[in-house]
Amino acid sequence: MKLYIAVGTAVLLVMAIFIIVFVAYYQQKQIRQQLILKEWQEKYRKGLLAATLQAQEHERRRIAQDLHDEIGTMLSVTKLSLNQLGRTVEHNDPGSTVLVQKTRSLLDETIANVRRISRDLVPTTLERFGLVSALEELAEKASNGEVHVELSCSDKMPTLLPQLDLTLFRIAQELINNAIKHANAENIIIDLHCQPNGILLSVIDDGRGFDLDEILKDKKRGLGLRNIESRLNVIDGHVTFDVEEGRGSRIHIQVKNLKPEVEVEVEAV
Amino acid sequence: MLEKLINHYSNYSVILAIEFVTLIPIIVGVIFIRHLNISMKFLLIYYIIVFIRDFISNVSAVYRINNHYLYNLSGFVEIITVGLIYYKAVDTIKSKKWIAILAGLSVFFGTFLWSSTEFSSGILTLADLCSMGISILYFNTLIAELKIINILKHSLFWVSSGLIVQAAGTFFIFLFAKTVFSENVEYSVFYFYWQVRQIMYIIFCVLSSIGFWVSKEDKYNYT
Numbered sequence: 247m248k249l250y251i252a253v254g255t256a257v258l259l260v261m262a263i264f265i266i267v268f269v270a271y272y273q274q275k276q277i278r279q280q281l282i283l284k285e286w287q288e289k290y291r292k293g294l295l296a297a298t299l300q301a302q303e304h305e306r307r308r309i310a311q312d313l314h315d316e317i318g319t320m321l322s323v324t325k326l327s328l329n330q331l332g333r334t335v336e337h338n339d340p341g342s343t344v345l346v347q348k349t350r351s352l353l354d355e356t357i358a359n360v361r362r363i364s365r366d367l368v369p370t371t372l373e374r375f376g377l378v379s380a381l382e383e384l385a386e387k388a389s390n391g392e393v394h395v396e397l398s399c400s401d402k403m404p405t406l407l408p409q410l411d412l413t414l415f416r417i418a419q420e421l422i423n424n425a426i427k428h429a430n431a432e433n434i435i436i437d438l439h440c441q442p443n444g445i446l447l448s449v450i451d452d453g454r455g456f457d458l459d460e461i462l463k464d465k466k467r468g469l470g471l472r473n474i475e476s477r478l479n480v481i482d483g484h485v486t487f488d489v490e491e492g493r494g495s496r497i498h499i500q501v502k503n504l505k506p507e508v509e510v511e512v513e514a515v
Numbered sequence: 144m145l146e147k148l149i150n151h152y153s154n155y156s157v158i159l160a161i162e163f164v165t166l167i168p169i170i171v172g173v174i175f176i177r178h179l180n181i182s183m184k185f186l187l188i189y190y191i192i193v194f195i196r197d198f199i200s201n202v203s204a205v206y207r208i209n210n211h212y213l214y215n216l217s218g219f220v221e222i223i224t225v226g227l228i229y230y231k232a233v234d235t236i237k238s239k240k241w242i243a244i245l246a247g248l249s250v251f252f253g254t255f256l257w258s259s260t261e262f263s264s265g266i267l268t269l270a271d272l273c274s275m276g277i278s279i280l281y282f283n284t285l286i287a288e289l290k291i292i293n294i295l296k297h298s299l300f301w302v303s304s305g306l307i308v309q310a311a312g313t314f315f316i317f318l319f320a321k322t323v324f325s326e327n328v329e330y331s332v333f334y335f336y337w338q339v340r341q342i343m344y345i346i347f348c349v350l351s352s353i354g355f356w357v358s359k360e361d362k363y364n365y366t
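As you go down the protein sequences, you meet chains A and B in turn. Residue numbers for the first sequence, in this note's numbering: 247 to 515. Residue numbers for the second sequence, in this note's numbering: 144 to 366.
Written as C-alpha cells, this is what we have:
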C-alpha cells in the first residue's frame, strides 16, 4: 500500500509541476506575442492617422494653390478688364460709373478674401520663419477691438521638426478659434515654453468655459477637440483640459518626445 | 496548561515548526494587506483559521481530547475559501458558475461523509479534488484571457501553484486516510504520511507567501 501511495503521489506531483511550468511558459509566450501584436496595431493606427493628417495638409495646400494661382489670377484679370470697361463706360455712359466702381470694390474685397483664405489654409510663415513667428502672426490676426490675443514664450526655443511645428500651430489655431467662437473670450494667452523634458503649449482664455464630458459624449460636437487628441496621438503628445462651465479655460499641450516615431512629411512652400 | 503545551511542543517539535510556517503567509499578508485584493484577503483569513485550528488541535492533544473533527471541518473551510478566492478572481460568468458548482458539490457530498471521531477520507479527498479542479480552471482562464502581463508577478498564480502541489501531494494520502491514519496503523507509518502532508503544506505556505509578496504588483500587471 505504502508503495502505491508513494508512486501515485509522485505521479500526481510530477503532473502538477508540469501543469504549473506549462501554464507559466505558455502564458508568457502568448502574452508576449499579444503585446507585440498590440504594439504593431498601435503603430499602424498612428501611421494611418499620420497619413490622414498628411493627406489633409496636402489637400489644404492644393486648395490654397488653386485659389491663389487660378481663382486669384482670374480675379486679377477680371479686375483689369473691369478697369478697361470702366474707362470706356466713363466716356460713353457716365451714369454707369458708380456701378463699375461698386463692382471694382466688390472685386477687391473678393481678391483680399481669396488671399486670406489661401494664407489661412497654408501657414507659410510657419514654414519660413518657424513656430514662434507663426504664433505671433496668429495672435496678431486674431486680435481685434473685442479680442486681445497675447503670445508669451521662452527666449530660447529649440528648432523643432516641421511635423511638430505644424501640429502645435494647428492646435493653437483650433484652440484660439474655439475660445473666440464658442467661449466668447476677450483675453487669450498663448504660452509656449521649452521644458527640460519637452515642449509645453498652453492656451488660456477668460471665456465662459465648457463641460468637457458633455462635449465629448456628443459625437456631433467636439470634433475640434478630438482632432487635437488625434494630432497629439501621432507625435506622442498629451493634452490636459482644465476647463469648467462658467470660468475661463486652461488647455495644456505637452510633447515630451521631440522626435516622434511616426513622421509626417511636411511639404515646403 | 501552558506547561503541558510547552511540553507537548518540545516532544513534537515538527508541530511547532508547522505553526511557525503558518505564521509566514500571515505575516507577509499583513505586511502587504493594503495591496491585497479581495481574493487574497480571503486567503489570509484562511491562514488565520488554520493557525487557530492548529492551536486548538494542539491544546486538545495535550488534554487527550479528540481533534480529528477539526481537520475534517477545515476540509470544508478549505473548499469554501478556495471557492470564494477564485469566484472573486475570475470575471466570466461561466467560470464563476463552474467554481460555484465544484465548491457547492464538494460541500454537499462532504456533509454525507462527515465523521467527528476519525479523519474523514472523503471530505479531505473532496477538498483536494476541489482545489485541483478550481486551480486548473483558473490556469485555463489565465491562458484563455491573457490578461496578465507577467505571470510570475501575479499573486494568484503562486497561490494556485501552491494549492495544486499541496492537493496533488496529499490526494492519495487522504484517499487512503482510513488506512494510513487509522488507530491500528504503526506510528512510524502514520508519522511518515503526516510528515509528507506537512511538507506539502509548507510548500503551499511558501508559495502563498510569494503570492502575498507579489500582490503589490497585481494592480499594474494587467494588459
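For each residue, glycine too, the CB sits at the ideal point set by N, CA and C.
- No Cβ-Cβ contact shorter than 8 Å links B:G305 with B:I342.
- Residue burial is scored here from C-beta neighbours: A:A380 has at least 16 other C-beta atoms within 10 angstroms and is therefore classed as buried.
- In the DSSP assignment, A:V253 falls within the alpha helix (DSSP H) that extends over 248-312.
- Pairing A:L384 with A:L406 gives a Cβ-Cβ distance that is not under 8 Å.
- Under the DSSP assignment, B:H211 falls in the alpha helix (DSSP H) whose first and last residues are 211-232.
- Taking the CA atoms as reference points, B:T235 sits about 27 Å from A:E288.
- At a cut-off of 8 Å between beta carbons, B:L289 contacts chain A.
- In this structure, A:G494 sits away from A:D457, with a CB-CB distance that is not shorter than 8 Å.
- For B:S264, there are no C-beta contacts with chain A under 8 Å, since the nearest C-beta of that chain is about 12 Å from it.
- Partner residues in the beta bridge of A:Q500, as assigned by DSSP, are A:L446, A:H484.
- In terms of CA proximity to A:I422, A:I497 leads the group A:T298, A:I497, A:Q441, A:E475.
- Of all residues in the stretch 253-273 of chain A, the ones placed with a Cβ closer than 8 Å to any Cβ belonging to chain B are G254, T255, L258, L259, M261, A262, I263, I265, I266, V269, A270, Y272, Q273, in chain order.
- In this structure, the CA atom of B:S156 is about 34 Å from the CA atom of B:A246.
- Scanning B:F198, B:D197, B:F175 for the CA closest to the CA of B:L187 turns up B:F175.
- Cβ-Cβ separation between A:K292 and A:N479: approximately 6 Å, consistent with a contact (criterion under 8 Å).
- Here the stretch 308-318 of chain B lies against the stretch 271-281 of chain B, with 3 or more beta-carbon pairs under 8 Å apart.
- For A:S398, the enclosing beta strand (DSSP E) stretches over residues 394-399.
- By the criterion of a C-beta distance shorter than 6 Å, A:I450 is surrounded in its chain by I435, R496, once the five residues flanking it on both sides are discounted.
- Short of 8 Å from the beta carbon of A:E475, and not among the five residues preceding or following it, lie these beta carbons of its own chain, in chain order: V485.
- For A:D451, the beta-bridge partners assigned by DSSP are A:I434.
- For B:A232, the closest Cβ of chain A is not nearer than 8 Å.
- For B:F319, the chain A residues whose Cβ falls inside 8 Å of its Cβ are M247, I251, in order along the chain.
- In this structure A:G492 is exposed. Its beta-carbon is surrounded by fewer than 16 other beta-carbon atoms within 10 angstroms.
- Straight across, the Cα-Cα distance linking B:S203 with B:N210 is about 6 Å.
- For the alpha helix (DSSP H) assignment, the uninterrupted runs of no fewer than 4 residues enclosed by the stretch 248-322 of chain B are, from N- to C-terminal side, 264-288, 298-318.
- By the Cβ criterion, the stretch 259-266 of chain B is in contact with the stretch 209-227 of chain B, since at least three pairs of Cβ atoms, one from each stretch, lie closer than 8 Å.
- Closest by C-alpha distance to A:G468, out of A:R361, A:R307, A:V267, A:E420, is A:E420.
- With fewer than 16 other CB atoms across the displayed protein chains lying within 10 angstroms of its CB, A:T343 is exposed.
- Taking 8 Å as the CB threshold, A:I277 lines the interface with chain B.
- Per DSSP, the unbroken alpha helix (DSSP H) holding A:H337 starts and ends at 318-338.
- The Cβ atoms of B:D197 and B:T224 lie no closer than 8 Å to each other.
- Within the DSSP secondary-structure output, A:C440 pairs in a beta bridge with A:I445.
- Under a 10 Å Cβ-count criterion, B:Q309 is classified as buried, with 16 or more other Cβ atoms of the shown protein chains found around its own Cβ.
- With a cut-off of 8 Å on Cβ pairs, the stretch 411-418 of chain A is not in contact with the stretch 458-465 of chain A, counting fewer than three such pairs.
- Looking from the CA of A:F268, the closest CA among B:Q338, B:L285, B:V339, B:F219 belongs to B:L285.
- For B:F315, at least one C-beta of chain A is nearer than 8 Å to its own C-beta.
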